[in-house]
Every structure is written in structure tokens, then in C-alpha cells.
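Below: the structure, in C-alpha cells.
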Amino acid sequence: MAMHTHLAASATHMLSIQVRSDMPTEDNMQDFSALLRRMLSCASCTLLLAVSLPIGIAYAAPMTFFGEDVNMTDPCPNDTDTPLRPATLPMSRAAHDQFVSNLSGVQTETFERYPPESSPTNLLFGSVTATLSGSLVTKSVPTGTLDGTYPTSGNQFLLQFGAAGTFQVTFSLPQTAFGFFATDVGDGGAQLIVQFEDTFGTVRSYNVPHSTSVPFACPNISGSALFYGVIDSSFPFVKVIFTNTFSSFDGFGFDDMSIGSTGPCSPLPGPASDLFLEAPNAGSELHFTWTNAPDADDYVVFADQSPTGTFEQVVGTSSTGGVGLTIPMPSGNWYYLVAGSNAACGVGPKR
Ligand SMILES: [Ca+2]
Ligand SMILES: [Ca+2]
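Just so you know, we're using our numbering here: the sequence shown kicks off at 582 and counts up by one.
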């Protein structure tokens, strides 16, 4: 059956960046004008502005980033929740890239490090930690889909299904940007809602503007994918609450949750060098060492199965290249890079 990865019918389901003006802050108008100029310079994306500024009152300008790749390959008219997995996710990736282009020191949790079928409770975004509550389950789906869900990096992702109507990611430090990929959202008629909560308990809520279809009706959008991100520099939040209207029926996959810095950062970690691999313990382990980088207080080793890949998969971390990192010997062919990181700017160049 042919694969159709395409735009949804309405404009709000296209790649969009929105500037919202409905929430008051202490930002001044000059900042807002500068933000608008930056947004308007984005020529490659559909820009949706909903701006209504009463004279003399300054408003926040949260930016939202949304792209959706609607999947219509679930067999019709006898819906079996067995869509083909899209080869690429152009709209979701484009929204992600726009989100990232507004940030520095982006850190991503890929869910590759957790055992399949486990429920991780501690997530890692570089040097920022987070707790995950809600009993989501790590799934390994290397090919195809699991009832329409699949990873957007590596083999693994988080599955939300059944009783887990709400889950939360609580950060060790306040954040001003958060984005994520999700799969199979809305094919069972649910609406995904993301809420950001600050240290005072104030919540800002966003309905993700994804497509929906009627459960087991035709056509069905099982196996669709989306990226959704929010940058809100006026509202540092410590908790992201994922909720929805119908997760007891409409399961979701989540992958590649990212944070990043919206302010200027300094110093950038310099490049690490001389990455060296050994195979100790009769080849049962892989040991990495490297020469430390300037302005780095931690290091992240990345892996990819292609030498020209993006090296998004985190193998592990170490505070110094002299001690380095040891992992069980992986199967298959893998390529590795190392990068320094620090709390101010996140991960530096990969070498
Ligand atoms: Ca993943
Ligand atoms: Ca679903």
C-alpha cells in the first residue's frame, strides 16, 4: 500500500509558528518587537500570528512550533491499527529544526538508554535531570509500528496507553523551552494537551493542534507523527504536564524530548579531541577515553550506525576524558563522537 505522508487539510496542521499574545508578562514592547522581527524573518515556514495588543500594555510572546505528518496507510475500510511506518517525517522535522534554531545548548532525551518494557523515572537532558511520573513504558520498535506508535530516534520511545491519563516531567532547573516528537496521536479521537507549570504553581496550557480521526472508522490517521515545541522566555517552568482527553483508548508514543537555552550563553564548551577506543575484558566491554575540552565540566559520548549520521544517540557521560566511559560491547557496527558540555551552554561540538 502506498505511503502518503502529507500535510493535514487545514492551515493550522501545517508547519506553524505561533506568537501568542494572550498572557501578560513584564516583558517590554521593545523585546516583543524584536521577537516579531525574528519570527517574520522565517521565510521557509508558514507563519500564523494572532496578535492583539492593547496600547500601553506589554504581553508575553510564547512561541509554539508545530509540524505534523499525517499517515493514511492504515488499512481501510477494515481498520486494523497497522499503518506503514513513514520513511521520513518532513513536517515534524522542519518544526523541530525551527524550534532548535531559536535555542542554544539543546539537550535531548532519546529514551535509548532504558531497558525495553521498563518505566524510567529519572530522565537526563545533558546536565539537567528530570523526574518522570506516570508509569509510561519504554518500547523497542526497530521497524514498523506498534499499533501506530514508533520511535523518531533509534529504536525506543515512551508509550502512554491505558490508565495513564496524565504524566509529568519535572526538571531540576527552571526551563524556558521544551519540545517533543509524538506518534499515533489523535487516531482514536483524543486531544493532546501540554501544560507548563512554574515554581509558584501557575500553569500555561496548550492544546496541540493535531489532526484527529474517529476510532476504527475510515479514514483513520493511525501512525501519524508530530513535533510540538514551546519557547516562553517570560515564564520559566519546572514541570511539563502531558494530558489528553482520551488516552485510555488512544495510545501515544513520545520520543526525543528537548530543552534548550533562550538566552545568550557563555562560555561555549570547546571541542574535545583524541577520542580513543579500547576493548578490555576479552572484548566484552568498550572503553572510551579522550582529551578534555576547554570550558567543559562534563562530557557526552554519542553513537550512530552511520559515520555520516546525526549522532543524536547518547551512549553515556563522564566528567573527564582521562577516566572516560565504559559500556558493554554493543552488537553491530557503531560510530562514536564525544562532546564537552557545561551548565551554561549545554553540549559543545561533537568530535
Ligand atoms: Ca528514541
Ligand atoms: Ca493513538
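Backbone N, C-alpha and C define an ideal beta-carbon position, used for all residues, glycine too.
Distance between residue j and residue i (C-alpha atoms, nearest Å)
i, j, result
"GLY851", "VAL882", "15 Å"
"GLY897", "LEU906", "7 Å"
"ASN652", "PHE646", "20 Å"
"PRO817", "PRO755", "5 Å"
"ASP765", "SER899", "36 Å"
"LEU713", "ALA798", "34 Å"
"ASP836", "PHE692", "7 Å"
"ALA925", "SER847", "6 Å"
"SER699", "VAL718", "6 Å"
"GLY844", "SER814", "8 Å"
"SER922", "PHE752", "18 Å"
"MET782", "VAL750", "Checking the sequence shown, residue 782 turns out to be Gly, not Met. Each residue's alpha carbon lies about 14 Å from the other."
"ASP768", "THR689", "26 Å"
"PRO800", "PRO911", "42 Å"
"ILE774", "THR870", "43 Å"
"PRO697", "MET644", "34 Å"
"SER842", "SER685", "5 Å"
"TYR809", "VAL789", "7 Å"
"VAL709", "PRO701", "16 Å"
"ARG785", "PHE748", "16 Å"
"PRO875", "GLY804", "44 Å"
Collapsed DSSP secondary structure at residue i in the structure displayed
i, result
"SER794", "coil"
"PRO852", "coil"
"ALA758", "strand"
"MET653", "coil"
"ILE908", "strand"
"ARG694", "coil"
"TRP915", "coil"
"GLY767", "coil"
"LEU717", "coil"
"LEU665", "coil"
"VAL895", "strand"
"LYS931", "coil"
"GLY921", "strand"
"PHE857", "strand"
"VAL722", "coil"
"SER900", "coil"
"PHE748", "strand"
"GLY729", "coil"
"CYS926", "coil"
"THR889", "coil"
"SER699", "coil"
Element boundaries [beta strand (DSSP E), containing residue i]
i, result
"PHE835", "833-842"
"ALA863", "Run containing ALA863: none in the beta strand (DSSP E); it sits in the alpha helix (DSSP H), 861-864."
"PHE818", "818-825"
"ILE774", "773-778"
"ILE802", "First-last for ILE802: undefined, no H or E at that position."
"ARG785", "784-788"
"PHE738", "737-741"
"ASN954", "Residue numbering for the chain in the displayed model covers 582 to 932; residue 954 lies beyond these limits and cannot be assessed."
Residue interval of the alpha helix (DSSP H) (run including residue i)
i, result
"ASP885", "Element bounds for ASP885: not the alpha helix (DSSP H) but the beta strand (DSSP E), 879-885."
"VAL681", "671-682"
Exposure label - residue i; buried when at least 16 CB within 10 Å
i, result
"PRO658", "exposed"
"GLU649", "buried"
"VAL904", "exposed"
"ILE638", "Bear in mind that a pLDDT of 36 at ILE638, under 50, signals an unreliable position, so the number given afterwards is only what the model happens to contain. Exposed."
"THR891", "exposed"
"THR730", "buried"
"GLN894", "buried"
"SER716", "exposed"
"PRO909", "exposed"
>> Using a Cβ distance threshold of 8 Å, determine whether the segment 809-823 contacts the segment 769-785, with at least three qualifying pairs required.
In response: yes
> Does the segment 787-797 come close enough to the segment 728-739 that 3 or more CB-CB pairs lie under 8 Å?
Replying inline: no
>> With three or more C-beta pairs closer than 8 Å as the rule, is the segment 850-867 touching the segment 759-774?
In response: no
> Is the number of C-beta pairs between the segment 912-919 and the segment 669-687 that are closer than 8 Å three or more?
Replying inline: Here the segment 912-919 does not lie against the segment 669-687, with fewer than 3 beta-carbon pairs under 8 Å apart.
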